[in-house]
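Peer 1: I'd like to ask some things about the structure below.
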Amino acid sequence: MAKTITLEVARYRPEQEGEPAFENFDVPLNKDWVVLDALNYIKDKLDGSLSYRWSCRMGVCGSCGMMVNGEPKLTCATFLTAYDPGPIRVEPLRYFPIVRDLVVEITDFMSKLKAVKPWIVRDEEKPISEGEYLQTPRQLDNFKQFSMCINCLCCYAACPVVGLDQHFIGPAAIALAQRYNEDSRDQGKEERMDVLSQHDGIWGCTFNGECTRVCPKNVDPAGAIQQYKIKAVTDWYKSLLMPWGKK
Amino acid sequence: MDTSAHDVLLVGGGGAGLRAAIAISEFNPKLSVAVVSKVYPMRSHTVSAEGGAAGVIKPNDTLDEHCYDTISGGDWMCDQDAVELFVREAPKELLRLEHWGCPWSREPDGHVAVRPFGGMKNERTWFAADKTGFHMLHTLFQTSLKYPSVRRYDEWFVTKLLIDDGQVRGVVAIELMTGRIQAILAKSVIICTGGCGKVFPFTTNANIKNGDGMSLALRAGAPLKDMEFVQYHPTGLPFTGILITEAARAEGGWLLNKDGYRYLQDYNLGKPEPTPVLRSMELGPRDRLSQAFVKEYEKGRTIETPYGHVVHLDVRHLGEKKINAKIPFVRELCLKYQGIDPVREMIPVRPVVHYMMGGVSTDINAATPIKGLFAAGEAACVSINGANRLGSNSLTELLVFGARAGLHAAQFASEQKEGNTAAILAQAIDEKRRVEDQFLNKTAGRESISTIREEMQKAMEEGAGIYRTHDSLAKAAETIGKLQERFKDIAISDHSHTFNTELTAAFELSYMLDVAEAIIACALNRKESRGSHQRTDFTKRDDEKFLAHSLVYRNADGSTRVEYLPVTITRWPPAERVYGK
Amino acid sequence: MKQSHAYTLYHPKWYRRRVSTWWWTQQWRSFKFILRELSSLAVIYFVALLLWLLWSLGQGEASYRNFLAWMESPLMIAFNVIAFLFVLYHSITWFNLAPKAMPVRVGGKRLPDWMIAAPNYAAWVVISVVIAWFILGGN
Chain P
196 MAKTITLEVA RYRPEQEGEP AFENFDVPLN KDWVVLDALN YIKDKLDGSL SYRWSCRMGV
256 CGSCGMMVNG EPKLTCATFL TAYDPGPIRV EPLRYFPIVR DLVVEITDFM SKLKAVKPWI
316 VRDEEKPISE GEYLQTPRQL DNFKQFSMCI NCLCCYAACP VVGLDQHFIG PAAIALAQRY
376 NEDSRDQGKE ERMDVLSQHD GIWGCTFNGE CTRVCPKNVD PAGAIQQYKI KAVTDWYKSL
436 LMPWGKK
Chain G
9 MDTSAHDVLL VGGGGAGLRA AIAISEFNPK LSVAVVSKVY PMRSHTVSAE GGAAGVIKPN
69 DTLDEHCYDT ISGGDWMCDQ DAVELFVREA PKELLRLEHW GCPWSREPDG HVAVRPFGGM
129 KNERTWFAAD KTGFHMLHTL FQTSLKYPSV RRYDEWFVTK LLIDDGQVRG VVAIELMTGR
189 IQAILAKSVI ICTGGCGKVF PFTTNANIKN GDGMSLALRA GAPLKDMEFV QYHPTGLPFT
249 GILITEAARA EGGWLLNKDG YRYLQDYNLG KPEPTPVLRS MELGPRDRLS QAFVKEYEKG
309 RTIETPYGHV VHLDVRHLGE KKINAKIPFV RELCLKYQGI DPVREMIPVR PVVHYMMGGV
369 STDINAATPI KGLFAAGEAA CVSINGANRL GSNSLTELLV FGARAGLHAA QFASEQKEGN
429 TAAILAQAID EKRRVEDQFL NKTAGRESIS TIREEMQKAM EEGAGIYRTH DSLAKAAETI
489 GKLQERFKDI AISDHSHTFN TELTAAFELS YMLDVAEAII ACALNRKESR GSHQRTDFTK
549 RDDEKFLAHS LVYRNADGST RVEYLPVTIT RWPPAERVYG K
Chain H
368 MKQSHAYTLY HPKWYRRRVS TWWWTQQWRS FKFILRELSS LAVIYFVALL LWLLWSLGQG
428 EASYRNFLAW MESPLMIAFN VIAFLFVLYH SITWFNLAPK AMPVRVGGKR LPDWMIAAPN
488 YAAWVVISVV IAWFILGGN
C-alpha cells in the first residue's frame with residue numbers, strides 16, 4: 196500500500212459536544228496533494244460529516260484558511276509532503292468562535308470591514324460620459340499591494356491583539372482602508388480616519404508583525420497600519436500647529 | 009414557518025448578482041434587495057477569472073468589430089441584437105467599475121490599458137494584471153456595502169423557487185449556520201449562480217459551481233438554452249485544472265507539442281510568427297485550440313504525464329520582467345501549485361472544462377419565460393456567447409446583463425401587488441418537509457454522494473467531451489439516467505443542523521445531475537458540428553436545420569424535451585469562420 | 368440523535384477558546400515580541416535615571432556624590448547592564464521595523480528593507496561615537 200500520513204483534525208459538533216476534540220484520519224501521502232485534498236478525501240471516503248469551507252482551490256477565493264500545525268494557512272496551498280512524516284494537525288482559524296469542525300464565525304469581520312468604508316468616496320461624482328479618472332501606473336502602485344487582500348483572515352488568526360481584544364478592527368480591514376486612502380481617485384481619508392483613529396482602530400496594533408508574516412498574498416497589513424499611525428500623528432501635529440488649516 | 013419578504017431577491021452573490029444589487033439600489037433605494045448566496049460574496053467564482061474584460065475604448069477599435077469577433081467566435085449562434093446591445097453597453101459598464109475603484113492596469117499617461125485576447129481583431133481587453141475577476145468582484149462587493157437597502161443572506165442555500173400561477177414569488181432556503189429552513193418571498197427573482205463546471209471531472213471551476221440556478225429554473229418550468237455548448241479552455245494545469253490565462257498567450261506565449269513544434273499551424277490557424285498576431289495561432293478561439301489538442305494527441309505528439317496527456321505553454325522568451333508585470337498570477341500559480349517557474353521552464357497544459365455558453369434562457373432584458381424570474385451571468389443564456397464564447401466577454405457580460413437584470417427586475421417588482429401568500433406558504437411548507445424527509449432526517453440509503461458524483465463526471469467526459477458521437481452521448485444519457493435513479497437512495501450520515509455540508513453536497517449533486525441530463529439531451533439532438541459542439545458523426549455545420557437555439561424543458565414526468573428557437577440575425581449573415589488570415 | 372442540554376435547535380452554539388495568560392510562552396516568536404514590548408520599560412527607566420542625575424546635580428556637590436556612590440554599587444551596575452541590554456534590543460527591533468512603517472519609493476519601486484534600515488543604523492553609530500567622544504575625549 197502507498198505511503199500514508201495522519202491528519203489530526205479538530206472536530207466540534209455543537210449538538211453533541213461541549214468542546215472540540217481531535218480525530219485522527221490516515222490519508223494517502225500523494226505528492227501532488229495539499230491539505231485541502233486530504234480533507235476532501237476524508238469527506239468523500241472516510242467521514243461525510245466533516246465540515247469545512249472551500250471553493251476555488253487556487254488561492255484566490257479565501258475560503259479555506261485554517262490552522263495547520265499551529266500556523267494560519269490557506270489549506271489549498273499547503274502541501275502534505277512539507278509535513279512528512281506527520282502527523283498534521285488541522286484546526287479552525289484561531290481567535291474566531293468555532294461554528295462546527297473547521298468552520299469559524301466571520302460576521303464580526305464582515306461588520307468591521309464595512310465600518311472602514313471600503314469604497315471610493317467622492318465629493319463629486321464624475322459622469323461616465325467624461326471617461327475614466329486618470330491614474331498613472333505609479334499612482335496605482337501606491338495602493339496595489341493593499342488591494343490584493345482575499346479576506347482569508349489568516350492575519351486575524353495570527354494577531355495576538357485580535358486574541359486579546361475582540362473589538363480591535365484588525366489587520367485586513369485596516370489594510371483595506373489604507374487601500375482606498377492611497378487610491379488617487381478617493382477623497383474619503385478623513386471619514387475613515389474618524390473610525391480608525393479610535394482606540395480599537397490603528398492604536399490597538401502593537402506592531403507584532405505576525406499579520407504580514409503569515410499573509411499568503413504579501414499584502415503587508417502591518418506596514419499599512421504603521422503608515423496609518425504616522426499619518427494620524429502628522430495630521431494631529433498639523434492641526435495643533437495650524438489650527439486654522441483644513442481638518 | 010419562518011418567512012421574510014423583499015422586493016427583489018437574487019440567488020447568487022457573485023459578479024452578476026452584486027452588479028444587479030447595485031443597479032436595483034440606484035434605480036430605487038426604497039426597494040428592498042435580498043442577496044441569497046451559499047457562500048460569502050467575495051468567495052464567489054468571479055474571483056478566479058484572470059485575463060480581463062472586453063470593451064471598446066481605444067480610437068483604433070469599433071463597436072462593429074467587437075460584434076463581428078463575438079459573432080464569428082460564436083459560430084453564428086449568437087443573437088445579434090443581444091450582441092449589439094452588449095457591445096454598446098460594455099465600455100460604459102467598465103468605466104462605471106473604474107469609477108467604483110477597480111484597479112485597472114494603466115498606460116503611462118494614466119488612461120486604462122488594454123491587451124489583446126484570443127479571437128479578437130483588436131486590443132480591447134481591460135485588465136487588472138491577471139487577477140481581473142478578483143479585483144472586479146472585490147470592487148463590486150465593497151461598493152455594494154454602501155447601499156443600506158441591500159440585505160445579504162450569506163451562506164444560505166436555496167433548494168426551491170416558489171412559483172404560483174406562473175409567476176415567481178420567492179425561494180425556500182436553508183441557513184447553513186443554524187439549519188433553519190425559511191421562505192424568502194420576493195416580487196421578482198434573479199438567478200445569478202454562475203456555471204456548472206463540476207459536472208465534468210477536469211475543470212477550472214470552483215467547488216461551488218454546480219449549476220444550482222440552472223437546475224432550480226429547469227424544475228420551476230423555465231427552459232435552459234444551448235446547453236450542449238461547453239467551453240474547454242485550452243490551457244489548464246494537469247491534475248488541479250487551475251487555469252493558465254489566455255493572457256499568457258496574448259502576451260506572446262507559444263503552444264508546443266512534444267517535439268517543440270508550434271502545432272497550431274497545422275490546423276488552419278495561421279502561420280507562426282515570433283510575436284503574437286491577432287486572431288491567429290495561439291490567439292485563435294478557444295474551441296479550435298482545444299480541438300487541435302485532441303488531434304495532436306491522436307497523432308501521438310503530446311506528452312504523457314501521470315495526470316493525462318499535455319502540451320507545453322512556453323513563455324520563457326517573454327523574460328522575467330514582462331512575466332512579473334503582465335502575468336504575475338500565472339507565475340504565482342505555477343510556482344505554488346505546479347512547482348515550476350515559467351521564467352525558466354515550460355508550463356504543462358491541457359484543455360479543461362471552463363465555461364457554459366448555455367444557461368437559463370432569457371431575452372435581451374434578462375427575463376425568462378416565467379413571470380418575475382430573471383437570470384444573468386454564466387447561469388443565463390441571452391445569448392451573446394453562441395457556440396463558443398470569446399475570452400474576456402464573460403466578465404463584461406456579467407456587468408452588462410447583471411445591471412440589466414437588476415433594472416428590469418426592479419421595474420417588474422415595482423409594478424407588483426402582494427400575491428396569494430397562503431398558497432405560497434403551503435408550497436414552502438411542503439418543500440421544508442421534503443428537505444427534512446428526503447435529506448436531513450433520512451436514515452436509510454446506500455449510495456455514496458462522492459461515488460455518484462465521480463461516475464457522473466466520468467460519463468460526461470467520455471460521452472460529452474470535446475468530440476462527441478451519437479453513441480457516446482446515448483451511453484452517457486443512459487448512465488446519467490441510472491444515476492438519477494440511484495440518487496434517490498442516497499446515504500446521508502450527517503443529520504446536524506449546524507453547517508451541514510453533506511446536506512448541501514447532496515443537493516448540489518442533484519442539481520448537477522439535472523444539468524448533465526440537459527447537456528446530453530441538447531447535444532444528442534444537435535446533429536451538426538458548430539463551435540464547441542463537435543460531432544464526429546456530423547462533422548459539418550448545418551445552418552439549414554440548426555441555425556437555432558436548443559431549448560431544453562423538463563416535462564411533468566421528469567423527462568426532458570428539446571425545442572428550437574431561431575437565432576436572431578441582424579447585420580452579419582452566417583459565414584465561414586476564418587482565423588490566421 | 369442525542370443532544371446536549373446546552374444546544375437549542377436552530378440556535379448555533381459557538382465555541383470560544385479563551386486566550387491563556389501565558390500565550391506568549393508558547394512560541395519563541397511571541398516570546399521575543401513580549402520581550403520587545405517589555406523593553407520599553409527599560410527605556411523609561413533610563414529616562415528616569417537621567418532626570419535623577421540632573422536633579423542631583425542641581426542639588427549641589429554632596430548630592431551628586433551620593434548619586435555616584437549609588438551608581439557604583441554592584442547591584443546597580445548589574446541592574447543597569449541588564450537594562451542596557453534591553454534598550455539595545457529595543458533599538459535593534461525598532462530599526463528593523465522602520466522600513467515597514469516608512470516604505471520609500473524611488474522611481475515607482477519600493478526600496479529593499481535593508482536600504483531603509485541601514486541609514487538608521489549608521490546614524491545611530493555616528494551619534495553614539497560623537498557622544499562617546501564628548502564624554503571620554505573631553506577629559
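Chains as they are written, first to last, in my numbering: chain P, 196 to 442; chain G, 9 to 589; chain H, 368 to 506. Backbone N, C-alpha and C define an ideal beta-carbon position, used for all residues, glycine too.
1) Please check if any C-beta of chain G sits within less than 9 Å of the C-beta of HIS457 (chain H).
2) Quick one: what's got a C-beta closer than 7 Å to LYS369 (chain H)'s C-beta in the same chain, skipping five residues either side?
3) With respect to the beta strand (DSSP E) encompassing MET343 (chain P), which residues constitute its N-terminal and C-terminal limits?
4) Who pairs with PRO319 (chain G) in a beta bridge, going by DSSP?
5) Report yes if the C-beta distance between GLN150 (chain G) and GLN299 (chain G) is below 9 Å; otherwise report no.
6) Should MET368 (chain H) be flagged as near chain P, meaning a C-beta pair shorter than 9 Å?
7) At a CB distance below 8 Å, what residues from the stretch 414-426 of chain P approach chain H? Give them in sequence order.
8) Measuring straight from C-alpha to C-alpha, what distance separates PRO209 (chain G) and SER244 (chain P)?
9) At a CB-CB cut-off below 9 Å, which residues of chain G make contact with TYR328 (chain P)?
10) Are the C-beta atoms of PRO479 (chain H) and some chain G residue less than 9 Å apart?
11) For ASN376 (chain P), which three-state DSSP category applies?
12) Could you check what DSSP says for GLY365 (chain P) in three-state terms: helix, strand or coil?
13) Cβ of ALA197 (chain P) versus every heavy atom of the ligand FAD: is any distance shorter than 8 Å?
14) Can you tell me whether GLN426 (chain H) is buried or exposed, with buried defined as 16 or more other CB within 10 angstroms of its CB?
15) So, with DSSP's three-state summary, where would you put LYS442 (chain P)?
16) So, is the C-beta of GLY187 (chain G) closer than 9 Å to a C-beta in chain H?
17) In chain H, which residues lie with their C-beta within 8 Å of the C-beta of THR451 (chain G)?
18) Which chain G residues are close to GLU210 (chain P), counting only those with a beta carbon under 8 Å from its beta carbon?
19) Could you pull out every residue in the same chain whose Cβ sits closer than 6 Å to the Cβ of ARG380 (chain P), ignoring the five residues on either side in sequence?
20) State the beta-bridge partners of ARG159 (chain G) as determined by DSSP.
21) Just checking: is the beta-carbon of VAL294 (chain P) within a distance shorter than 9 Å of some beta-carbon in chain H?
22) Tell me the start and end of each unbroken alpha helix (DSSP H) in the stretch 173-250 of chain G that is at least 4 residues and wholly inside, in chain order.
23) For the alpha helix (DSSP H) that contains TRP431 (chain P), what are its first and last residues?
24) What residue ranges within the stretch 242-314 of chain G form continuous beta strand (DSSP E) runs of no fewer than 3 residues, ordered along the chain?
25) Quick test of your reading: ILE79 (chain G) and TRP580 (chain G), contact by CB under 8 Å. State the CB separation rounded to the nearest angstrom.
26) Buried or exposed for TRP439 (chain P), going by 16 or more other Cβ atoms inside 10 Å?
27) Skipping 5 residues on each side, what residues in its chain have a beta carbon closer than 6 Å to that of SER397 (chain H)?
28) Count the other CB atoms within 10 Å of the CB of HIS449 (chain P); is the residue buried (16 or more) or exposed (fewer)?
29) Using CA atoms only, rank isn't needed, just tell me which of G:LEU232, G:ALA383, G:LEU521, G:CYS86 is closest to VAL176 (chain G).
30) Quick one: measure Cβ to Cβ for ILE198 (chain G) and VAL16 (chain G), integer angstroms, because I've assumed they're closer than 8 Å.
31) To the nearest angstrom, report how far apart MET511 (chain G) and LYS490 (chain G) are at their CA atoms.
32) Taking the alpha-carbon positions, what's the SER434 (chain P) to ILE425 (chain P) distance?
33) Straight-line CA distance for ASN332 (chain G) to PHE247 (chain G)?
34) Smallest Cα separation from THR313 (chain G): which of G:GLN346, G:PRO156, G:GLY20, G:ASP234?
35) Once you ignore the five residues that flank ARG289 (chain P) on each side, which residues in its own chain have a CB closer than 6 Å to its CB?
36) Does LYS442 (chain P) get closer than 9 Å to chain H when you measure Cβ to Cβ?
Peer 2: The relevant details are as follows:
1) If you number the third sequence from 1, residue 457 (chain H) lands on position 90. No, its Cβ sits nowhere closer than 9 Å to a Cβ of chain G.
2) As a first step, residue 369 (chain H) is located in the third sequence; it is residue number 2 there, counting from the start. The predicted model places LYS369 (chain H) with a pLDDT of 46, which falls under 50 and marks its position as unreliable; any figure quoted below should be read in that light. Closer than 7 Å at Cβ, skipping near neighbours: no residue.
3) Taking the first residue of the first sequence as 1, we reach residue 343 (chain P) at position 148. That residue, MET343 (chain P), is in no beta strand (DSSP E); it is neither H nor E in DSSP.
4) The residue you call residue 319 (chain G) lines up with position 311 of the second sequence. A quick correction: the sequence has Val, not Pro, at residue 319 (chain G). DSSP, once it has assigned bridges, lists G:VAL357 as partnering VAL319 (chain G).
5) The residue given as residue 150 (chain G) occupies position 142 in the second sequence. The residue given as residue 299 (chain G) occupies position 291 in the second sequence. Not in contact: GLN150 (chain G) and GLN299 (chain G) (Cβ atoms no closer than 9 Å).
6) As a first step, residue 368 (chain H) must be located in the third sequence, where it is residue number 1. Confidence in MET368 (chain H) is poor, its pLDDT being 44 and thus under 50, which makes the residue's placement too unreliable to answer from.
7) ASP415, ALA417, GLY418, GLN421, GLN422, LYS424, ILE425
8) Within the second sequence, the letter at position 201 stands for residue 209 (chain G). Within the first sequence, the letter at position 49 stands for residue 244 (chain P). Cα to Cα, the separation comes out at about 23 Å.
9) Your numbering for residue 328 (chain P) matches position 133 in the first sequence. Chain G residues near TYR328 (chain P): GLU106, HIS107, GLY118.
10) Working through the third sequence from its first residue, we reach residue 479 (chain H) at position 112. Chain G contact via Cβ: absent.
11) Numbered from 1 along the first sequence, position 181 holds the residue referred to as residue 376 (chain P). DSSP places ASN376 (chain P) in helix when its eight states are reduced to three.
12) The sequence position of residue 365 (chain P) within the first sequence is 170, counting from 1. Three-state result, GLY365 (chain P): coil.
13) Looking at this structure, you won't find the ligand FAD or any other ligand, since it has none at all.
14) Along the third sequence, read from residue 1 onward, the residue named residue 426 (chain H) stands at position 59. Looking at its Cβ environment, which holds fewer than 16 other Cβ atoms inside 10 Å, GLN426 (chain H) is exposed.
15) Looking up residue 442 (chain P) in the first sequence gives position 247. Since pLDDT at LYS442 (chain P) reaches only 46, below the 50 mark, its modelled position is unreliable, and the value read off the structure follows with that caveat. Three-state result, LYS442 (chain P): coil.
16) Translated into the one-based positions of the second sequence, residue 187 (chain G) becomes position 179. GLY187 (chain G) counts as touching chain H.
17) As a working mapping, residue 451 (chain G) is identified with position 443 in the second sequence. Ordered by position in chain H, no residue passes the 8 Å Cβ test against THR451 (chain G), which lies about 10 Å from the chain.
18) Numbered from 1 along the first sequence, position 15 holds the residue referred to as residue 210 (chain P). Correct list: SER504, HIS505, THR506.
19) The count along the first sequence starts at 1 and reaches residue 380 (chain P) at position 185. Contacts found: ILE315, TYR328.
20) As a first step, residue 159 (chain G) must be located in the second sequence, where it is residue number 151. DSSP output for ARG159 (chain G) lists G:ALA42 as bridge partner(s).
21) Mapped onto the first sequence, residue 294 (chain P) falls at position 99. With 9 Å as the cut-off, VAL294 (chain P) counts as an interface residue toward chain H.
22) 220-228
23) As a first step, residue 431 (chain P) must be located in the first sequence, where it is residue number 236. Start and end: 416-436.
24) 262-264, 311-313
25) Here the question's residue 79 (chain G) lines up with position 71 in the second sequence. Here the question's residue 580 (chain G) lines up with position 572 in the second sequence. About 5 Å separates the two Cβ atoms, so the contact holds.
26) The residue you call residue 439 (chain P) lines up with position 244 of the first sequence. Exposed, since its Cβ has fewer than 16 Cβ neighbours within 10 Å.
27) Residue numbering aside, residue 397 (chain H) sits at position 30 when the third sequence is read from its first letter. Hits under 6 Å: TRP391.
28) The structure shown does not extend to residue 449 (chain P), since chain P spans only 196 to 442, so no value can be given for it.
29) Looking up residue 176 (chain G) in the second sequence gives position 168. Among G:LEU232, G:ALA383, G:LEU521, G:CYS86, the Cα nearest to that of VAL176 (chain G) belongs to G:ALA383.
30) Here the question's residue 198 (chain G) lines up with position 190 in the second sequence. Here the question's residue 16 (chain G) lines up with position 8 in the second sequence. Right, the Cβ-Cβ distance comes to about 7 Å (below 8 Å), so this counts as a contact.
31) For the purposes of this step, residue 511 (chain G) is taken as the residue at position 503 of the second sequence. For the purposes of this step, residue 490 (chain G) is taken as the residue at position 482 of the second sequence. In the sequence under discussion, the amino acid at residue 511 (chain G) is Leu, which differs from the Met named in the question. Using only the alpha carbons, I get a separation of about 21 Å.
32) Numbered from 1 along the first sequence, position 239 holds the residue referred to as residue 434 (chain P). Numbered from 1 along the first sequence, position 230 holds the residue referred to as residue 425 (chain P). Taking the straight line joining both Cα atoms gives about 14 Å.
33) Stepping through the second sequence from its first residue, residue 332 (chain G) is reached at position 324. Stepping through the second sequence from its first residue, residue 247 (chain G) is reached at position 239. Computed Cα separation, rounded: 25 Å.
34) As a first step, residue 313 (chain G) must be located in the second sequence, where it is residue number 305. Checked all of G:GLN346, G:PRO156, G:GLY20, G:ASP234; the closest Cα to THR313 (chain G) is G:GLN346.
35) Your numbering for residue 289 (chain P) matches position 94 in the first sequence. Only MET262, ALA352 meet the Cβ criterion.
36) On the first sequence, position 247 is the one that residue 442 (chain P) refers to. With a pLDDT of 46 at LYS442 (chain P), under the threshold of 50, the predicted position of this residue should be treated as unreliable, though the coordinate-derived value follows. No, no contact with chain H.
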